[in-house]
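Asker:
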Amino acid sequence: KAKGGGKNRCLEYNPKMRVGLVNVVAVEADLKRALDNGEFEAFFQPIVNLSDGRLYGFEVLARWNHPERGLVSPGEFIPVAEETGLIVPLGARILEDACETLNLWREEHPSVDELNIAVNISAKQFAEASLVHDVETILSRTGLPPGMLKLEITETVVMGDAVESTNRLNSLKSLGIKLAIDDFGTGYSSMSYLQKFPLDQLKVDLSFVRRMEESPENIEIVRAIINMAHSLRLRVVAEGIETERQRDLLYSLQCDYGQGYLYSKPLPKAEAVELLTILD
Ligand code: C2E
Ligand code: MG
Ligand code: MG
Ligand code: MG
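The sequence shown: position 83 = 517 (the UniProt record's numbering), numbered continuously.
Right under this line is the structure:
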C-alpha cells in the first residue's frame, strides 16, 4: 500500500494521481523536516464582541515559516499534514504553542484571564484515540486554565459519525474546555445531534457572511442560523467580517462575536500581545 494513500486510491492506473503522490511525498518530507526545525508558528486572529468591539479572544491559526518560501498558509500544508497523519504531532505543537503563549500573556496582563483562545482540530486529530489525553497533558504542562481553551471542530467532522462524536465531545468537555462547531452551514447538521452535543459556540462560515450583502434572502439564512443557535443556547461567532455593513447586519441579527479583516488579520505573537495593553 502506498504511503499516505487513502484506501480508495488506485495509483497504478491514474497518471495524474501519481504526480499528486510524488508531490505529497515531497511535501511530507519537507513537513517532517520543518517539524524538527520548529518552523511552525501560532498566529492569533482577534475575535471581538460585536456589541462594543472589545476583544473577546483569539483564533489560533497555524503558519509555516518556510526557510525558502517564507510564510506558508494552512491551505497549502494542512491537507497534506492531514493525509499523512503529520497533523497529529503538528496539531499538538500548535496547541502547546498557543496555550503556552496565552499563559505567558496572563502574567503581564491580568485581564487576559477573561479571554479565550480557539484552536482548530482536524478530522484526523478528532479521530485520534489519544486526543483527550493529549489536550489534558498540554493543559497541565502549560498551566493554562481549561476554561480559557476552546476547540473548533468543523461541522462535517463532527456530524460524520455522530454517535462516536458525542462520546469524544463529552470526554473533551469533561476537561473543562469549551467546544465550538466551525464552518457551520457548509455541511449537513442533524438538529437532534446539535442539541445533544455538549457545545458552547457555533461559527457561521465566512461564505454566508460574504453572501449577506447580495440579497435579503441571504440575510434571512444567517438570521435563521443565529436564532437556531441561540435557541440551543449556543453563542454565535461570525467569521470573515470584512465590511462595516456586514458587521452592522450581524449585530442587528444579534450575532454575539465576530472576526475578520475588518478588525484584524491573523497576527504574529509580538503584534497580538500589543492588543492586550488596551485591556489593562
Ligand atoms: P478556519 O478555522 O475556518 O479559519 C478561518 C480562516 O479564515 C483562516 O484562514 C483566516 O485567516 C481566514 N479569515 C479570517 N478573517 C477573514 C476575512 O475577513 N476574510 C477572509 N477572506 N478570510 C478570513 P487560514 O489561516 O488560511 O486557515 C485556513 C484553515 O486551515 C482554517 O479554517 C482551518 O480549518 C485550518 N487551520 C488553520 N490552522 C490550523 C491548525 O493549527 N490546526 C488545524 N487542524 N487546522 C488549521
Ligand atoms: Mg477555525
Ligand atoms: Mg472557520
Ligand atoms: Mg472556515
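All C-beta atoms, glycine included, are put in the ideal place defined by N, C-alpha and C. Values in this document were obtained by computation on a predicted structure and should not be read as measured data.
Can you tell which of GLN680, THR535, PRO508 has its C-alpha closest to the C-alpha of GLU705?
Answerer: As a first step, residue 705 must be located in the sequence shown, where it is residue number 271. GLU705 has its Cα closest to that of THR535, out of GLN680, THR535, PRO508.
Asker: Around the Cβ of ASP486, are there at least 16 other Cβ atoms within 10 angstroms (buried) or fewer (exposed)?
Answerer: Against the sequence shown, residue 486 aligns to sequence position 52. Exposed.
Asker: What is the C-beta distance between ALA515 and LEU524, in whole angstroms, given that I count them as a contact (C-beta under 8 Å)?
Answerer: The residue given as residue 515 occupies position 81 in the sequence shown. The residue given as residue 524 occupies position 90 in the sequence shown. With a Cβ gap of about 5 Å, ALA515 and LEU524 count as contacting.
Asker: Which residues in the same chain as ARG696 place their Cβ atom closer than 8 Å to its Cβ, once the five residues preceding and following it in sequence are excluded?
Answerer: As a working mapping, residue 696 is identified with position 262 in the sequence shown. Checking the displayed sequence, the identity of residue 696 turns out to be Leu instead of Arg. Excluding positions up to five away in sequence, the list reads ILE675, GLU676, THR677, GLU678, GLN680, ARG681.
Asker: Which of the three DSSP states is assigned to GLN559 in this structure?
Answerer: In the sequence shown, the residue the question calls residue 559 occupies position 125. Three-state DSSP puts GLN559 in a helix.
Asker: State the DSSP-derived secondary structure class of PHE631, mapped to helix, strand or coil.
Answerer: By one-based count along the sequence shown, residue 631 stands at place 197. Three-state DSSP puts PHE631 in coil, outside helix and strand.
Asker: Would you call the stretch 460-467 and the stretch 661-669 in contact, with 3 or more CB pairs under 8 Å?
Answerer: Segments in contact, no.
Asker: With the cut-off set at 8 Å, would you say PHE511 and LEU469 are in Cβ contact?
Answerer: Counting from 1 along the sequence shown, the entry for residue 511 is found at position 77. Counting from 1 along the sequence shown, the entry for residue 469 is found at position 35. Not a contact, by the Cβ cut-off of 8 Å.
Asker: Which of the three DSSP states, helix, strand or coil, is assigned to GLN479?
Answerer: If you number the sequence shown from 1, residue 479 lands on position 45. DSSP places GLN479 in strand when its eight states are reduced to three.
Asker: Going by the C-beta, is GLY619 closer than 7 Å to any heavy atom of ligand 1?
Answerer: Taking the sequence shown and counting its residues from 1, the one referred to as residue 619 is at position 185. Not under cutoff, so the answer is no.
Asker: Hey, ASP595 and ASP617 are a contact pair by Cβ (cut 8 Å); roughly how many whole angstroms apart?
Answerer: For the purposes of this step, residue 595 is taken as residue 161 along the sequence shown, with counting starting at 1. For the purposes of this step, residue 617 is taken as residue 183 along the sequence shown, with counting starting at 1. Actually they are not in contact, since the Cβ atoms of ASP595 and ASP617 sit about 18 Å apart, beyond 8 Å.
Asker: Just jot down, in chain order, the residues whose CB lies closer than 6 Å to any heavy atom of ligand 2.
Answerer: Going along the chain, the residues that qualify are GLU493, ASN554, GLU586, ASP616.
Asker: Can you grab the Cα-Cα spacing for the pair LEU445 / PRO513, in whole Å?
Answerer: Translated into positions along the sequence shown, residue 445 becomes position 11. Translated into positions along the sequence shown, residue 513 becomes position 79. Note that LEU445 scores 42 on pLDDT, short of 50, meaning its location in the model is unreliable; the coordinates nonetheless yield the value given after this. Distance between the alpha carbons of LEU445 and PRO513 is about 18 Å.
Asker: Closer than 7 Å: is that where the CB of ILE528 sits relative to any heavy atom of ligand 1?
Answerer: Here residue 528 refers to the residue found at position 94 of the sequence shown. ILE528: yes, Cβ under 7 Å from ligand 1.
Asker: Please state the DSSP three-state secondary structure of TYR490.
Answerer: Position 56 of the sequence shown, counted from the first residue, corresponds to residue 490. Three-state DSSP puts TYR490 in a strand.
Asker: Below 8 Å, how does it come out for the stretch 491-508 and the stretch 538-546: are there three or more Cβ pairs, yes or no?
Answerer: In short, these stretches do not touch, since the Cβ pair count stays below three.
Asker: Determine the closest residue to LYS558 out of ARG657, ARG602, THR571, ILE481, with distance taken between C-alpha atoms.
Answerer: Reading the sequence shown from its first residue, position 124 is the one you call residue 558. For the residues ARG657, ARG602, THR571, ILE481, the minimum Cα distance to LYS558 belongs to ARG602.
Asker: Do the stretch 603-610 and the stretch 640-657 make contact, defined as three or more Cβ pairs closer than 8 Å?
Answerer: Taking 8 Å as the limit for Cβ pairs, the verdict is that the stretch 640-657 does not touch the stretch 603-610.
Asker: In whole angstroms, what separates the C-alpha of GLN479 from that of VAL597?
Answerer: Translated into the one-based positions of the sequence shown, residue 479 becomes position 45. Translated into the one-based positions of the sequence shown, residue 597 becomes position 163. Taking the straight line from one Cα to the other gives about 32 Å.
Asker: For a test of your reading of the model: does the CB of LYS699 fall under 7 Å from any non-hydrogen atom of ligand 3? Yes or no.
Answerer: If you number the sequence shown from 1, residue 699 lands on position 265. For ligand 3, not one heavy atom lies less than 7 Å from the Cβ of LYS699.
Asker: Considering only residues of the same chain and omitting the five flanking positions on each side of GLU562, which have a CB-CB separation below 6 Å?
Answerer: Counting from 1 along the sequence shown, the entry for residue 562 is found at position 128. Hits under 6 Å: VAL522.
Asker: Considering only DSSP beta bridges, list what ILE615 is partnered with.
Answerer: Position 181 of the sequence shown holds residue 615. ILE587, LEU636, per the DSSP bridge assignment.
Asker: Within 10 angstroms of the Cβ of GLY577, are there 16 or more other Cβ atoms? Answer buried if so, exposed if not.
Answerer: Within the sequence shown, residue 577 is the residue found at index 143, counting from 1. Counting Cβ neighbours within 10 Å, GLY577 comes out exposed, since fewer than 16 surround it.
Asker: Does ligand 3 have a heavy atom nearer than 7 Å to the CB of ASP639?
Answerer: In the sequence shown, the residue the question calls residue 639 occupies position 205. Answer for ASP639: yes, Cβ within range of ligand 3.
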